[in-house]
Amino acid sequence: MPNIKSAEKRVKIIEKKTAQNKAIKSRISTYAKKFKLAVNNKEVENAQNLYSEVVSLLDKAASDNVIHKNSANRKKAHYAKLLENVNK
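Each residue of the sequence shown is one higher than the last, beginning at 994 in the working numbering.
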């Protein structure tokens, strides 16, 4: 438990930011699952729409330092490969 008032404020801020980051990661995970489901069901048009949404979310998260930029790029490449295999 912090003894200094500024440390108490930092704890509140950290809790708030942690909740925001968790919500962002959860949203990315949800859209990624929807995308993978569309890929497995061979729904090309739906998969393309979901791919652009997932990529957008990953880019935003990487620019806000919620996730590392290399992690975002790795996931985007993986999803692009999945989308390419559906189009064949």
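Just so it is clear, CB atoms sit at the ideal spot from N, CA and C, and this is done for glycine as well.
Going by DSSP in three states, residue 1047 sits in which element: helix, strand or coil? helix
To the nearest angstrom, how far is the alpha carbon of residue 1001 from that of residue 1023? Their backbone Cα atoms lie some 33 Å apart in a straight line.
Grab me the residues of residue 1028's own chain with a C-beta within less than 7 Å of its C-beta, minus the 5 sequence neighbours each way, in chain order. 1040, 1043, 1044, 1047 and 1072
For residue 1060, the three-state DSSP class (helix, strand or coil): For residue 1060, the three-state secondary structure derived from DSSP is coil.
Just how far apart, CA to CA, sit residue 1067 and residue 1074? 11 Å
So, are the CB atoms of residue 1007 and residue 1054 less than 8 Å apart? no
Inter-residue Cα distance where the pair is residue 1032 and residue 1077: 10 Å
Specify, as a first and last residue, the run of the alpha helix (DSSP H) that residue 1009 falls within. 998-1033
Which whole-angstrom value is the C-beta distance of residue 1051 and residue 1069, which I expect to be below 8 Å? 6 Å
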